[in-house]
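Asks: In my numbering, the protein residues as written are 106 to 245.
From the three backbone atoms N, C-alpha and C, an ideal C-beta is built for every residue, glycine too.
Treat the numbers as computed from the prediction; the structure is a model and nothing was measured.
Mind looking over this structure? Questions follow.
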Amino acid sequence: MSHFRLTNAADAQVFRISPTDTNYFAVLFDRQQDEIENIFVVEIFTVGGATPPNEHTLAHEFFYVLHGEGVARCNGKEVSIRQGDALLLHPGNEHLIRNTGSGKLYTLTVMTPNEGFAELIRSGEPMALDEEDLRVLSGS
106 MSHFRLTNAA
116 DAQVFRISPT
126 DTNYFAVLFD
136 RQQDEIENIF
146 VVEIFTVGGA
156 TPPNEHTLAH
166 EFFYVLHGEG
176 VARCNGKEVS
186 IRQGDALLLH
196 PGNEHLIRNT
206 GSGKLYTLTV
216 MTPNEGFAEL
226 IRSGEPMALD
236 EEDLRVLSGS
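What follows is the structure, encoded as C-alpha coordinates:
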(Lines of atoms letter the chains of each structure in order from A and count residues from 1; the text may use other names and numbers.)
(Lines give C-alpha, C1' and ligand atoms only; values in the text may rest on other atoms or scores of the structure.)
Protein backbone atom coordinates (compact mmCIF):
# COMPACT_ATOMS: atom_id res chain seq x y z
CA MET A 1 0.00 0.00 0.00
CA SER A 2 1.16 3.52 -0.80
CA HIS A 3 2.17 5.83 2.03
CA PHE A 4 -0.39 8.39 0.88
CA ARG A 5 -3.43 8.89 -1.32
CA LEU A 6 -4.44 12.28 -2.66
CA THR A 7 -8.07 12.90 -3.53
CA ASN A 8 -10.25 15.81 -4.49
CA ALA A 9 -13.84 16.32 -3.31
CA ALA A 10 -14.92 16.72 -6.95
CA ASP A 11 -13.78 13.12 -7.57
CA ALA A 12 -15.36 11.66 -4.43
CA GLN A 13 -18.20 9.14 -4.42
CA VAL A 14 -21.32 10.88 -3.09
CA PHE A 15 -24.22 9.28 -1.20
CA ARG A 16 -27.38 10.19 0.65
CA ILE A 17 -28.20 7.58 3.33
CA SER A 18 -31.99 7.80 2.87
CA PRO A 19 -34.06 9.43 0.11
CA THR A 20 -35.71 11.67 2.73
CA ASP A 21 -32.41 12.88 4.27
CA THR A 22 -31.46 16.55 3.92
CA ASN A 23 -27.73 15.91 4.14
CA TYR A 24 -25.38 13.95 1.90
CA PHE A 25 -21.75 12.88 1.94
CA ALA A 26 -18.74 13.10 -0.38
CA VAL A 27 -16.53 10.22 0.82
CA LEU A 28 -12.87 11.28 0.90
CA PHE A 29 -11.22 8.41 2.82
CA ASP A 30 -12.66 5.26 4.39
CA ARG A 31 -12.07 1.58 5.05
CA GLN A 32 -13.22 0.44 1.61
CA GLN A 33 -10.80 2.73 -0.25
CA ASP A 34 -7.98 3.09 2.24
CA GLU A 35 -8.06 0.22 4.75
CA ILE A 36 -8.32 2.65 7.69
CA GLU A 37 -10.41 2.49 10.86
CA ASN A 38 -11.99 5.93 10.50
CA ILE A 39 -13.89 7.89 7.85
CA PHE A 40 -13.38 11.36 6.38
CA VAL A 41 -16.24 12.97 4.42
CA VAL A 42 -17.47 16.34 3.31
CA GLU A 43 -20.98 16.47 4.71
CA ILE A 44 -23.36 18.78 2.87
CA PHE A 45 -26.61 20.02 4.42
CA THR A 46 -29.33 21.51 2.22
CA VAL A 47 -31.02 24.74 3.34
CA GLY A 48 -32.91 23.85 6.53
CA GLY A 49 -31.35 20.38 6.46
CA ALA A 50 -30.22 18.41 9.51
CA THR A 51 -28.90 15.07 10.61
CA PRO A 52 -31.34 12.87 12.46
CA PRO A 53 -30.57 12.79 16.20
CA ASN A 54 -27.92 10.10 16.71
CA GLU A 55 -25.17 8.91 19.03
CA HIS A 56 -22.15 6.67 18.78
CA THR A 57 -21.06 4.00 21.25
CA LEU A 58 -17.30 4.21 20.62
CA ALA A 59 -16.64 6.90 18.03
CA HIS A 60 -15.65 10.49 18.42
CA GLU A 61 -17.20 12.64 15.68
CA PHE A 62 -15.44 15.77 14.49
CA PHE A 63 -16.94 18.57 12.37
CA TYR A 64 -14.99 21.43 10.80
CA VAL A 65 -17.24 24.02 9.15
CA LEU A 66 -15.96 24.74 5.66
CA HIS A 67 -18.80 27.01 4.54
CA GLY A 68 -22.14 28.18 5.87
CA GLU A 69 -23.65 28.28 9.32
CA GLY A 70 -25.75 26.12 11.54
CA VAL A 71 -26.50 24.84 15.00
CA ALA A 72 -25.02 21.85 16.79
CA ARG A 73 -27.14 20.26 19.51
CA CYS A 74 -25.69 17.81 22.02
CA ASN A 75 -27.70 16.42 24.94
CA GLY A 76 -30.17 19.30 24.65
CA LYS A 77 -27.56 22.11 24.57
CA GLU A 78 -27.20 24.14 21.35
CA VAL A 79 -24.28 26.12 19.98
CA SER A 80 -24.06 28.12 16.78
CA ILE A 81 -21.43 26.99 14.29
CA ARG A 82 -20.04 28.79 11.26
CA GLN A 83 -17.11 28.74 8.85
CA GLY A 84 -13.86 28.10 10.70
CA ASP A 85 -15.45 26.46 13.76
CA ALA A 86 -14.36 22.98 14.88
CA LEU A 87 -16.60 20.75 16.98
CA LEU A 88 -15.74 17.46 18.68
CA LEU A 89 -18.50 15.18 19.98
CA HIS A 90 -17.62 12.41 22.43
CA PRO A 91 -19.15 8.90 22.32
CA GLY A 92 -22.47 8.29 24.07
CA ASN A 93 -23.95 11.76 23.51
CA GLU A 94 -27.07 12.29 21.39
CA HIS A 95 -26.42 15.02 18.86
CA LEU A 96 -27.49 16.61 15.61
CA ILE A 97 -26.28 19.30 13.23
CA ARG A 98 -28.79 21.64 11.56
CA ASN A 99 -28.25 24.15 8.76
CA THR A 100 -29.64 27.55 9.80
CA GLY A 101 -28.10 29.58 6.97
CA SER A 102 -29.51 30.87 3.70
CA GLY A 103 -27.25 28.53 1.68
CA LYS A 104 -25.89 25.03 2.09
CA LEU A 105 -23.75 24.08 5.09
CA TYR A 106 -20.51 22.18 4.37
CA THR A 107 -18.50 20.37 7.04
CA LEU A 108 -15.45 18.16 7.01
CA THR A 109 -16.73 15.28 9.16
CA VAL A 110 -14.47 12.63 10.67
CA MET A 111 -15.52 9.61 12.76
CA THR A 112 -12.87 7.78 14.76
CA PRO A 113 -13.26 4.83 14.75
CA ASN A 114 -15.63 4.36 11.82
CA GLU A 115 -18.21 2.40 13.88
CA GLY A 116 -20.12 1.35 10.73
CA PHE A 117 -20.60 4.91 9.45
CA ALA A 118 -18.85 4.34 6.10
CA GLU A 119 -20.91 1.22 5.47
CA LEU A 120 -24.11 3.10 6.35
CA ILE A 121 -23.22 5.93 3.96
CA ARG A 122 -22.26 3.55 1.15
CA SER A 123 -25.54 1.63 1.58
CA GLY A 124 -27.42 4.79 0.60
CA GLU A 125 -28.30 6.17 -2.81
CA PRO A 126 -25.49 7.45 -5.06
CA MET A 127 -25.65 11.15 -5.88
CA ALA A 128 -23.54 13.74 -7.65
CA LEU A 129 -22.21 17.06 -6.45
CA ASP A 130 -23.99 20.01 -8.08
CA GLU A 131 -22.42 23.20 -9.46
CA GLU A 132 -22.71 24.99 -6.10
CA ASP A 133 -21.01 22.09 -4.29
CA LEU A 134 -18.16 22.03 -6.80
CA ARG A 135 -17.71 25.81 -6.57
CA VAL A 136 -17.67 25.86 -2.76
CA LEU A 137 -15.39 22.82 -2.42
CA SER A 138 -12.91 24.09 -5.01
CA GLY A 139 -12.71 27.48 -3.29
CA SER A 140 -13.84 29.33 -6.42
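If the criterion is Cβ atoms closer than 8 angstroms, does the pair C179 and N198 meet it?
Replies: It is a contact, given that the beta carbons lie within the stated cut-off.
Asks: Please state whether the Cβ-Cβ distance between L234 and G173 is less than 8 angstroms.
Replies: Cβ atoms of L234 and G173: not closer than 8 angstroms.
Asks: Go ahead and label E237 buried or exposed: buried means 16 or more other beta carbons lie within 10 angstroms of its beta carbon, across all protein chains shown.
Replies: E237 should be labelled exposed.
Asks: Could you spell out the range, first to last residue, of the alpha helix (DSSP H) harbouring V241?
Replies: Note, V241: alpha helix (DSSP H), E236 to S243.
Asks: At which residues does the beta strand (DSSP E) containing R187 begin and terminate?
Replies: From DSSP, the beta strand (DSSP E) with R187 extends over K182 to R187.
Asks: What distance in whole Å lies between the Cβ atoms of D190 and V170, which are believed to be in contact at a cut-off of 8 angstroms?
Replies: Confirmed, about 5 angstroms.
Asks: DSSP has P231 in a bridge; who is on the other side?
Replies: Beta-bridge pairing links P231 to F120.
Asks: From N143 to I186, what does the alpha carbon distance come to, in whole angstroms?
Replies: Each residue's alpha carbon lies about 23 angstroms from the other.
Asks: DSSP three-state label for I144, please.
Replies: Correct three-state label for I144: strand.
Asks: Considering Cα atoms alone, identify which of L201, G244, M216 and Q188 is closest to L163.
Replies: If we check each option's Cα against that of L163, M216 comes out closest.
Asks: Do L133 and H165 come within 8 angstroms of each other at the CB atom, strictly closer than that value?
Replies: Not a contact, by the Cβ cut-off of 8 angstroms.
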